[in-house]
Ligand code: GLU
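Numbering (our numbering), first residue to last: 17 to 487.
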């Protein structure tokens with residue numbers, strides 16, 4: 017039998033970090049066992065489901081590279097099938113019509129509360145034979161009265177629930193629409209799921225779902241409930257902790273691989289390895305090794321992981337992901353005689369940027385002249401001596417025939433010697449002059465990349481600027 021897993025989000029918001037981790041675990045488990053992975057959109061709550069959320073989920077899955085073999089399958093397209101199964105259960109006697117009114121149910125609940133009992137349906141209509149005219153009815157599942165439901169959870173271990181803890185769940189409302197626990201069961205069976213991997217906020221639903229599956233005469237799949245992700249204050253991760261849709265991580269400059277890697281490690285480990293390629297993830301991941309305890313989200317760690325990718329990924333791959341940020345920041349890369357290749361620029365900058373967003377912002381001066389100097393940088397590094405220093409550099413640089421890092425470095429040293437100034441005086445002024453900022457890779461590399469023509473033009477401009485200021 018082919019192993020099959022699914023990710024079954026409700027489209028009531030973005031694909032958030034917790035959902036993405038559940039999706040990753042399901043995806044990995046399927047890929048590891050040459051199985052199939054299905055995306056199912058649980059959109060039966062029409063009030064709260066939106067097309068924008070569906071789009072965001074699909075976009076997020078795409079960005080993370082969590083490809084699915086089937087789907088997206090929409091539950092709202094399956095109402096006929098749910099109705100069919102409900103009829104079947106009514107016929108078989110594993111479900112029944114309940115005519116209890118709201119007032120009746122409230123009264124039962126009140127009495128239970130007074131007796132300090134757990135509020136639950138009292139089973140009044142369970143064995144009812146008549147069909148009262150003119151009364152609305154819901155349909156309830158006939159949950160077994162005795163015995164235990166055993167979940168051999170692949171993450172949490174064995175969980176035993178006595179059926180006395182469970183009551184007869186409503187599976188269809190008065191208007192005939194099916195309820196959540198029921199549609200999940202029908203879908204998981206029809207879609208031949210062998211493994212249900214989901215968040216442990218669903219753990220209370222599982223015994224009910226298992227009972228329905230058994231009542232339908234089917235084999236119970238295996239379950240794995242992944243623990244919650246907490247914010248650094250120990251509370252469930254939410255928007256307050258900056259937990260946002262996964263696409264926000266793209267916007268903030270993270271690689272999808274870094275996010276996946278971080279999510280994988282959040283609650284799972286393999287020795288002390290921190291970085292895993294997709295292939296390694298698939299090979300090494302074992303759902304049984306996921307930690308049963310909640311884990312804490314840590315942005316610093318995510319940034320660290322991202323940095324490792326910037327440092328080590330092939331430049332072409334960095335360039336691919338960088339493109340979105342270049343577009344977003346309105347920077348067009350023109351490679352040509354006068355401009356450095358993006359490849360060389362990435363190579364020079366990859367050790368200095370934590371995110372792709374930073375990287376894109378930090379390389380603008382190679383491709384565009386700047387209108388003004390960074391105010392703080394100019395204030396700090398342009399001094400009375402600056403015009404003379406820059407003029408001296410300009411003269412020397414003009415003489416360089418072969419514009420390369422080594423020759424540039426030699427001339428910077430010559431200027432220092434001639435003016436009897438340290439690198440600490442010359443370097444920063446030169447950097448502001450040619451980049452407009454106080455940050456860049458080593459000067460000879462930066463100037464080499466900027467090219468002779470533009471380096472000289474910028475120096476000329478800076479001499480003028482500094483002269484006007486300090487004259
Ligand atoms: N639709 C449910 C949710 O978004 C998941 C259901 C499941 O995985 O069984 O929380």
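All C-beta atoms in this analysis are idealised placements derived from N, C-alpha and C, irrespective of residue type, glycine included.
Owing to the predicted nature of the structure, the values given are computational and were not obtained by experimental measurement.
Quiz item: How would you call residue 356, buried or exposed, if buried means at least 16 neighbouring beta carbons within 10 angstroms?
Solution: buried
Does residue 25 come out as helix, strand or coil in the three-state DSSP assignment?
coil
Starting from residue 324, follow its DSSP beta bridges and name the residues at the other end. Residue 324 pairs with nothing; no bridge assigned.
| Per-residue DSSP class, three states only, for residue 239 | strand
Between the Cα of residue 171 and those of 124, 239, 83, spot the shortest distance and give me the residue it belongs to.
239
query: Cβ-heavy atom distance between residue 196 and the ligand GLU below 8 Å?
result: yes
**Message:** Please return the same chain residues whose Cβ sits closer than 7 Å to the Cβ of residue 472, not counting the five positions on each side in sequence.
**Reply:** 410, 413, 414
With DSSP as the reference, please indicate the residues paired to residue 194 in a beta bridge. 188
Determine the closest residue to residue 112 out of 87, 325, 154, with distance taken between C-alpha atoms.
154
Out of curiosity, what's the CA-to-CA distance linking residue 100 and residue 228? 15 Å
Worksheet item: Around the ligand GLU, which residues pass a check of Cβ closer than 6 Å to any of its heavy atoms?
Response: 24, 25, 26, 58, 200, 214, 218
Which residues mark the beginning and the end of the beta strand (DSSP E) in which residue 114 is found?
111-114
Q) Hey, residue 34 and residue 253: beta-carbon distance below 9 Å or not? A) yes
Delimiting residues of the beta strand (DSSP E) encompassing residue 211 | 211-215
Integer Cβ distance of residue 460 from residue 425, believed to fall under 8 Å:
4 Å
* To do: Could you tell me which of 294, 316, 169, 224 sits nearest to residue 156, measuring between CA atoms?
  => 224
>> Only counting the same chain, and skipping five residues up and downstream in sequence, which positions put a Cβ closer than 6 Å to that of residue 208?
In response: 20
Notebook entry, point to check: Considering residue 481, what are the terminal residues of the beta strand (DSSP E) in which it resides?
Noted result: That residue, residue 481, is in no beta strand (DSSP E); its alpha helix (DSSP H) goes 468-486.
Exercise. What residues in its chain sit with their C-beta under 7 Å from that of residue 201, if we drop five residues either side in the sequence?
Worked result: 225, 228, 229
Practice task
Could you round the C-beta distance between residue 313 and residue 247 to whole angstroms and report it? I think they count as a contact, below 8 Å.
Solution key: 6 Å
Does DSSP put residue 420 in a helix, a strand or coil? coil
Which residues share a DSSP beta bridge with residue 458? Paired residue(s): none; residue 458 is not in a bridge.
Practice task
Answer yes or no: do residue 24 and residue 74 have a C-beta to C-beta separation smaller than 9 Å?
Solution key: no
Whose CA, out of 76, 281, 429, 467, lies closest to the CA of residue 418? 467
Beta carbon of residue 36, beta carbon of residue 262: below 9 Å?
-> yes
- Query: Can the beta-carbon of residue 381 be found closer than 9 Å to that of residue 453?
  - Reply: yes
By the three-class DSSP mapping on this structure, what secondary structure does residue 247 have?
coil
- Inter-residue spacing [alpha-carbon to alpha-carbon] between residue 51 and residue 293: 20 Å
task = Spatial neighbours of residue 106 within its chain, please: CB distance less than 8 Å, with the 5 preceding and 5 following residues excluded, ordered by chain position.
result = 112, 113, 155
Quiz prompt | Sufficient close CB pairs (3 or more, under 8 Å) joining the stretch 26-33 to the stretch 68-84 | solution = yes
message = Restricting to Cα atoms, I'd like to know which of 61, 90, 120, 65 is closest to residue 55.
response = 90
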